[in-house]
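Before any comments, here is the structure.
There are 2 protein chains.
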Amino acid sequence: MPPADPAIIARRNQLATGLRAIVGKEWVISEESERAPYQCDGITAYMAMPLLVVLPASADEIRSILLFCKKHSVKIVPRGSGTSLSGGALPVEDGILLGTARLCNILEVDPLERIARVQPGVRNITVSEAASPHGLCYMPDPSSQIISTIGGNVAENAGGVHCLKYGVTANHILGLEAVLMNGDVLRLGGNYLGAAEGGLDLIGVLTGSEGLLAVITEITVRLSPRPETARVLSMSFPSVDAACHCVGAIIGSGIIPAGLEFMDRKVLDAVAPLIQETFDANTAALLICELDGSKAEVDALVQTVTAIARKESALEVRASTSDAERERIWRSRKLAFAAIGKICRDYYCTDGTIPRNRLPDVLAKMAVFSEKYGLDYANCFHAGDGNLHPIIMYDSRKPGDLEKAEAFGADVLRTCVDVGGVLSGEHGIGVEKRDLMTHQFTATDLEQQQTLRCAFDPTELLNPGKMFPTPCRCAEFGRMHVHNGQLRFPDVPRF
Amino acid sequence: MPPADPAIIARRNQLATGLRAIVGKEWVISEESERAPYQCDGITAYMAMPLLVVLPASADEIRSILLFCKKHSVKIVPRGSGTSLSGGALPVEDGILLGTARLCNILEVDPLERIARVQPGVRNITVSEAASPHGLCYMPDPSSQIISTIGGNVAENAGGVHCLKYGVTANHILGLEAVLMNGDVLRLGGNYLGAAEGGLDLIGVLTGSEGLLAVITEITVRLSPRPETARVLSMSFPSVDAACHCVGAIIGSGIIPAGLEFMDRKVLDAVAPLIQETFDANTAALLICELDGSKAEVDALVQTVTAIARKESALEVRASTSDAERERIWRSRKLAFAAIGKICRDYYCTDGTIPRNRLPDVLAKMAVFSEKYGLDYANCFHAGDGNLHPIIMYDSRKPGDLEKAEAFGADVLRTCVDVGGVLSGEHGIGVEKRDLMTHQFTATDLEQQQTLRCAFDPTELLNPGKMFPTPCRCAEFGRMHVHNGQLRFPDVPRF
């Protein structure tokens, strides 16, 4: 380890003193060993040690932190539970990490208006648990739901298995409170469906903005009735193409399953020992299709999907007849990523979305890339909405292997865009896909996004280096303030 | 009529010449008699004669018009079919009206990806008609759907009867092409669900931005499967309170009807002669509840809702058993506004949304306001989502009557906000509710919205005077441009 730079130590100590005055002594972490767990998020390949970790307990404290950081030009990376899979919560070495772990209270559950008002550090699953006595739940269910926070889910516009039918996070946010870098507190929307109507849609802009615009301090989410019944079909196919075609046939028939997942043979082989099952030797791919609703409706849908699968040359179609059986079928999918972790030293999983009818082409391209880079891969993804999650296997001990895996992933993402798709389904852009943004967006579109960013954070201190391939350099822009038509310069109350 | 001002005539002629060079001679309307039909939109109480009406045929022509108007500092009011109920398409006397009537082509219908790509002047109902052979439809159904355009629907984030279950326009937009005042063309999202992922959500900002940010030149909408069956319940109640309570009970039971509408006695009396039906003398209010889905599900829901209504002291509950009967029950609702038009000289209908549990309080307040202003009123609205449409009756021939009606409406809207509601459900803010924005939004929230506006249209030439109570005065802000960290002044390519 290189010896510590005295200038950095002095800066850290000076900032720690100021921040401790805001949040209390014990909530500013400066010891290197205690900062270490915050060095990365869900993408452990990227690491950076933050100058300090600050854990405020309230929106007021967050506001004071932002004003303090603005005054001292300190960069801020907001973080929930740090499960981002695009490096959205990757620290910067010359900035602080602002954790929301202590803002973890459910403030209100209103079963009549079907809303929950929560602090950003509340975990996703906790909301559904609190809503459960009323027969309600919070629909978006990222795989990280037992650990990821609602604040992080909003920042990344998180998805999940059930988002095919029920929509992503953005479809379930009714109100937000957020603090801007200038200390302004926005209070948007409110406690019922429709509360965000009128005026320009600031909630929409903040959702999925990856911590670049404001720090979210309170969220009102929409609760939904828990579906009466759910059944799951497990359908095996002799080829990847046949499975992909069946996805199109199910959706094309007018059915929107609650979830429709794809697993290839490599995933099945990896997962088989974990679930103590075997898969027929002719199975090249498996689809898992969940259908939910009233019992009568679900039974009818199971019949229809079964008939479609058979027509699309399914080898075997099994439908769950009990909740226990449903859980058992889902287990293979839920253990998939852990199972892959057991058959390779390291893996890199990215996230892109394509039109469903391009699934066979893009999956075929992956085999070509695998050859090109000499790296193995597997596929387990949300087929219903064309949201790919290629799992690229590598060995971090081999020099150059990580870089090859990243290049493989970038090739897949570029292919996604080339067939009319996008760089993200649910993981966000973060640092991982930042440099590919120019492949998806025109210079005009990116410039307009940057201008929009300036309209919220002209200091660019919030989560710098994420989402955009180049800094937007709006600092000078932000140092100005127009008030009643008059141009003003720094030290006016705003900016 | 005052004699024409020679300076205005000269300005009009000069602009007409320039605009004719862009769109062709016949598509710039300068004759006063031909401009007259464009003087107002759905709120006929507000009128203004535009300088010129321009009817471009393509996105390229719209781009040229915007650049021309920017160069000559000409204000622009975009307009679809002019059905806005908040004055969103009200012209300005010193600006042009830009009509999208000639951009009326359906460019693509893709039943597998379930999308339609259309020009902004395509009427709402036309999209569903084009999707119908595939068993699909475009879900948002404002009452104006046979005439209002998709472009206007996007600008106002239009709602409709079925938006309770299926969401408003914002939930159904997958892609947009839009031209900014500086001539930049944004191409956002794409042709499938998920196409808008990644980066800051510009589609979300543009949807509902009431023509203040950009002119929308192409829209990709999401198509949905037409529900297999639908049945309608007509439920009469002895009091307004009982009907309101039943709304809460239905939603509270976990059912989300496809539509849940409220009509008071005054509406029923007005509509009775038109539909040749009579309503029981004890009926104070009627609820119409549509349930859709698979046949088995709908039949079960009809039974559940019937039981709830009876428990909530319904006088009579009738469920449709055929499509003809369903249409007949809906007729009373669909003719309601026309029927009120027959029993009063003029009426003014506004639009606010409240938490459902506050319906009885706010409806009771209306009686107080009616007394205060000496004006009669009636209620017919989307009860399921708490979206009120009070119909205030007045006589435009009586001096001061319109002002009283407006004051009555403003009192209702302020009450909506006071109980935790908002100024709009589906009509937008426009000029109608502009001055009430400070009642719903804090100064901070409004300032942030204005800053956001500047990030799109720093010239403020797009639909000026709409949505915001005061101009944002961002003109100077907009004359600057920061490029690679360097501040530049006018005559740079952007702004």
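If you read the sequences in order, they're chains L and F. Position 13 of the first sequence, counted from 1, bears residue number 12 in numbering that gives the first Met the number 0, the numbering being contiguous throughout. Position 260 of the second sequence, counted from 1, bears residue number 259 in numbering that gives the first Met the number 0, the numbering being contiguous throughout. Where is the CB? At the ideal position from N, CA and C, for every residue including glycine.
Cβ separation of residue i and residue j, assumed to be a contact under 8 angstroms, to the nearest whole Å
i         : j         : result
Ala335(L) : Thr216(L) : Contact flag wrong, Cβ pair sits at about 36 angstroms.
Gly86(F)  : Tyr37(F)  : With a Cβ gap of about 13 angstroms, Gly86(F) and Tyr37(F) do not count as contacting.
Met180(L) : Thr458(L) : 5 angstroms
Val220(L) : Ile114(L) : 7 angstroms
Ala195(L) : Leu185(L) : With a Cβ gap of about 12 angstroms, Ala195(L) and Leu185(L) do not count as contacting.
Leu422(F) : Cys68(F)  : No, Leu422(F) and Cys68(F) are not in contact; Cβ-Cβ is about 29 angstroms, not under 8 angstroms.
Leu14(F)  : Leu50(F)  : 7 angstroms
Leu232(F) : Val301(F) : 6 angstroms
Cys150(L) : Gly120(L) : The displayed chain sequence assigns Gly, not Cys, to residue 150(L). About 6 angstroms; that satisfies the 8 angstroms criterion.
Gly373(L) : Asp200(F) : That belief does not hold up - the Cβ atoms of Gly373(L) and Asp200(F) are roughly 39 angstroms apart, past 8 angstroms.
Pro226(F) : Gly166(F) : Actually they do not touch by this definition, with Cβ atoms about 14 angstroms apart.
Cys136(F) : Ser127(F) : 4 angstroms
Asp350(L) : His426(L) : 4 angstroms
Gly509(L) : Ala88(L)  : Outside the displayed range of chain L (0 to 494) lies residue 509(L), so it cannot be described from this structure.
Residues that residue i contacts on chain F, provided the C-beta gap is smaller than 7 angstroms
i         : result
Gly159(L) : Residues of chain F passing the Cβ test: none, with the nearest at roughly 13 angstroms.
Gln448(L) : Gly198, Leu199, Leu201
Partner residues on chain L for residue i, Cβ-Cβ distance less than 8 angstroms
i         : result
Thr206(F) : Asp200, Gly203
Gln503(F) : Any question about residue 503(F) goes unanswered here, given that chain F covers just 0 to 494.
Asp456(F) : Going along chain L, no residue has its Cβ under 8 angstroms from Asp456(F), so there is no contact; the nearest lies around 11 angstroms.
Met466(F) : Gly198, Leu199
DSSP state of residue i mapped onto helix, strand, coil
i         : result
Tyr137(F) : coil
Gly247(L) : helix
Ile215(L) : strand
Asp240(F) : helix
Val121(L) : coil
Asn483(F) : Residue placement at Asn483(F) is poorly supported in this model, since its pLDDT is 37, which falls under 50; the coordinates are not used for a value here.
Leu232(L) : strand
Gly464(L) : coil
Val260(L) : First, the residue type needs correcting, since residue 260(L) is Glu and not Val in the sequence shown. Glu260(L): strand per DSSP, three-state reduction.
Ser223(F) : strand
Gly373(L) : coil
Val491(F) : No answer about Val491(F) holds up, because its pLDDT of 27 lies below 50 and its placement is not dependable.
Gly188(L) : strand
Ile202(L) : helix
Ser127(F) : helix
Phe476(F) : Summary for Phe476(F): the model assigns pLDDT 41, below 50, so the residue's position carries little reliability; its value from the coordinates is reported in the next sentence. DSSP places Phe476(F) in helix when its eight states are reduced to three.
Interface residues of chain L facing residue i [CB-CB closer than 7 angstroms]
i         : result
His197(F) : The sequence shown places Gly at residue 197(F), not His. Within 7 angstroms Cβ-Cβ: Val421, Leu422, Ser423, Ile428, Gln439.
Val184(F) : Thr443
Thr352(F) : Gly193, Glu196
Residue i: first and last residue of the uninterrupted beta strand (DSSP E) it sits in
i         : result
Pro77(F)  : 74 to 78
Asn378(F) : 376 to 381
First and last residue of the uninterrupted alpha helix (DSSP H) at residue i
i         : result
Gly197(L) : Run containing Gly197(L): none; DSSP gives neither H nor E here.
Leu267(F) : 264 to 274
Within chain F, the residues that residue i reaches when beta carbons sit closer than 8 angstroms
i         : result
Pro110(L) : Gly251
Met436(L) : Gly197, Gly198
Ser187(L) : Here the sequence assigns Leu to residue 187(L), which means Ser is not the residue at that position. Residues of chain F passing the Cβ test: Asp444.
Where residue i meets chain L, residues with beta-carbon distance less than 9 angstroms
i         : result
Ser293(F) : Gly292, Ser293, Ala295, Glu296, Ala299, Leu300
Gly247(F) : Leu111
>> Ignoring anything shorter than 4 residues, give me the alpha helix (DSSP H) runs that lie fully in the stretch 385 to 460 of chain F, in order along the chain.
In response: 400 to 417, 436 to 439, 442 to 455
> Along the chain, which unbroken stretches of the beta strand (DSSP E) at least 3 residues long are found entirely within the stretch 277 to 361 of chain F?
Replying inline: 284 to 292, 315 to 318, 345 to 348
> Counting only runs that start and end within the stretch 89 to 119 of chain L, where is the beta strand (DSSP E) found for 3 or more residues in a row?
Replying inline: 94 to 98, 105 to 109, 114 to 117
> Which residue spans inside the stretch 3 to 91 of chain F form an unbroken alpha helix (DSSP H) run of at least 4?
Replying inline: 5 to 22, 31 to 34, 58 to 70
> Which parts of the stretch 139 to 185 of chain L are runs of the alpha helix (DSSP H), unbroken and 4 residues or longer, counting only runs that do not cross its ends?
Replying inline: 149 to 155, 162 to 165
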